[in-house]
Every structure is written in C-alpha cells, then in structure tokens.
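To start, the structure under review is shown below, and the notes come after it.
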Amino acid sequence: MSFTLYSAWRATAPYRVRIGLALKGVAYDYSALDLIKGEQREPPYTGVNPQKLTPALDLGGGRVLTQSLSILEWLDEEYPDPPLLPKTPLERQVVRAMALIVACDIHPLNNTRVGRKLHKMGIDQAGILDWTQGWIRDGFDALEPLIASYGAGFAFGETPTMADCCLIPQVYSANRYQVDLSPWPAIQAVNARAADHPAFQAAHPNNQPDAVPL
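Note that this note's numbering has the sequence shown beginning at 122, numbered continuously upward.
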C-alpha cells in the first residue's frame with residue numbers, strides 16, 4: 122500500500138517532509154489541502170489529523186504520522202540510507218538543534234494560525250509582516266554561526282541532513298516575506314547548493330500539484 126502525504130504546496134512543515142521523502146526515494150501519493158480556505162480544519166481531514174495541522178503521512182492500515190520532525194525521524198529509522206542524522210550523538214545533537222531553531226523558534230511564531238490571530242487582535246498587515254520578519258531574522262542569526270562552523274556545502278557536512286530539511290523551506294518562507302538574506306552568507310550558500318540537488322528540486326513548492334502560479 123502506498124503512503125499518502127497530506128500537504129500544502131508552500132507550507133513549510135510539509136515541505137520539510139517532502140524533502141525527506143525525496144532524499145530517501147520513498148514514493149507517496151499527494152493529497153492537497155488549501156490552508157487559506159481552512160480545509161485542514163474541516164472533515165475529512167480532521168479525521169486524519171485531529172490537530173488540524175499539516176503535514177500528515179498516512180501509512181495505510183489506520184497508521185497516520187504527524188509532526189514534521191517526528192516524521193523525519195521515523196523516515197530515518199525506517200529508511201536509514203541516506204541518513205538524515207550524522208553518526209555520533211554529539212553531531213546528531215547539533216543537527217537536531219539546527220532543525221529545532223527553525224521548527225520551534227521561527228516557524229511557530231509566523232505560521233498561518235498566528236497570522237490570523239494577530240489580524241483578529243487588530244494588527245495590520247504591515248505589523249504582521251514586521252512580526253514575521255523579526256522572528257526569521259532572530260532565528261537566522263542563531264543558525265548562521267552553527268552552519269558556518271559545521272557546514273561543508275550543506276548545513277552540517279557535505280550531505281543533506283534534517284537541518285537542511287528544515288532550513289530550505291524556511292529560506293523559501295523568508296523570501297516570501299521579503300527578508301534580505303545578505304546578513305547570512307552561510308545560509309545563502311546552503312540554499313544555493315540545495316537548489317541544484319534533485320531531491321530539493323522535487324520537493325520545491327512550485328513543483329507540487331497544487332502549486333498556484335504567482
């Protein structure tokens with residue numbers, strides 16, 4: 122039975138999982154959700170993931186995985202080659218720390234739910250943009266020295282890891298929100314390297330079946 126990924130073309134959390142699946146060479150069916158229309162908060166998706174968030178990876182037989190980093194960890198355990206985490210515990214901690222800066226410190230503060238809440242609180246679009254840009258900058262300020270120290274083409278070493286699965290979608294989001302990337306040359310270099318990698322190309326928002334021409 123094939124897997125089904127519930128995704129939204131430019132949402133960064135499912136983008137992370139698409140990269141992981143592509144790196145591992147794992148085939149899947151794509152089920153699109155329109156987050157702007159709120160399809161993630163309505164049946165039938167609420168029966169798939171009661172948290173009403175993307176992504177969800179349906180393995181069949183009633184087994185559904187949620188939370189992007191947990192899915193990436195599962196992928197690495199189930200399909201160990203190529204690895205998303207390096208060999209030693211200390212190295213794995215560094216990669217996880219990079220991933221968590223994105224997944225815990227940047228993304229949760231500027232996702233669609235937060236934007237809607239800020240709007241309901243009376244904050245205008247300019248204020249929401251400033252909020253979003255600020256958290257991206259703070260996170261990239263933390264990531265830049267780590268990548269400069271540990272990167273060798275990708276965020277950690279010469280091959281993609283879980284850190285890149287998180288970083289590249291966040292760079293895509295930063296570009297959407299008009300963040301000037303010039304203060305972070307190490308991040309820019311990783312993004313350029315990933316742009317030439319087939320797995321990252323396959324996972325890119327523009328190459329998804331629900332992509333909307335901009």
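Don't be surprised by glycine CBs; every beta carbon is placed ideally from N, CA and C. Fair warning: this is a prediction, and the values are worked out from it, not measured in the lab.
Taking just the CA atoms, how far does residue j sit from residue i?
| i | j | result |
| --- | --- | --- |
| G278 | Y271 | 6 Å |
| Q291 | L250 | 15 Å |
| A310 | F261 | 13 Å |
| H359 | Q246 | Residue 359 cannot be examined here, being either before or after the span of the chain that is shown, 122 to 335. |
| D197 | Q322 | 20 Å |
| T133 | A143 | 15 Å |
| A220 | A307 | 15 Å |
| D202 | I244 | 46 Å |
| D155 | S303 | 32 Å |
| D317 | P207 | 22 Å |
| L338 | T125 | For the chain, the structure presents residues 122 to 335; residue 338 sits outside this window and is missing. |
| E212 | A224 | 18 Å |
| P164 | S152 | 14 Å |
| P319 | S128 | 19 Å |
| D150 | P330 | 11 Å |
Which residues does DSSP list as the beta-bridge partners of residue i?
| i | result |
| --- | --- |
| G278 | G272 |
| A316 | Paired residue(s): none; A316 is not in a bridge. |
| Y149 | F124 |
Let me confirm a value: residue i is counted as buried when at least 16 other C-beta atoms fall within 10 Å, else exposed. Which label applies?
| i | result |
| --- | --- |
| R139 | buried |
| Q214 | exposed |
| R237 | exposed |
| V333 | exposed |
| T209 | exposed |
| G159 | exposed |
| S123 | exposed |
| P281 | buried |
| G182 | exposed |
| N312 | buried |
| R297 | exposed |
| D301 | exposed |
| S191 | exposed |
| G248 | exposed |
Closest by CA to residue i, which one among the options?
| i | options | result |
| --- | --- | --- |
| R137 | V169, Q161, L193 | L193 |
| V185 | T167, N328, Q254 | T167 |
| W130 | S123, A263, I157 | I157 |
| W195 | Y293, M283, V235, G248 | M283 |
| D226 | L205, A177, G255, F275 | G255 |
| Q299 | T253, A263, A313 | T253 |
| Q161 | G146, D150, A177, V147 | A177 |
| A315 | F275, P326, C287, Y293 | F275 |
For the region 169-247, which segments carrying the alpha helix (DSSP H) assignment without a break, of at least 4 residues, lie completely within its bounds, in sequence order? 189-199, 210-221, 233-241
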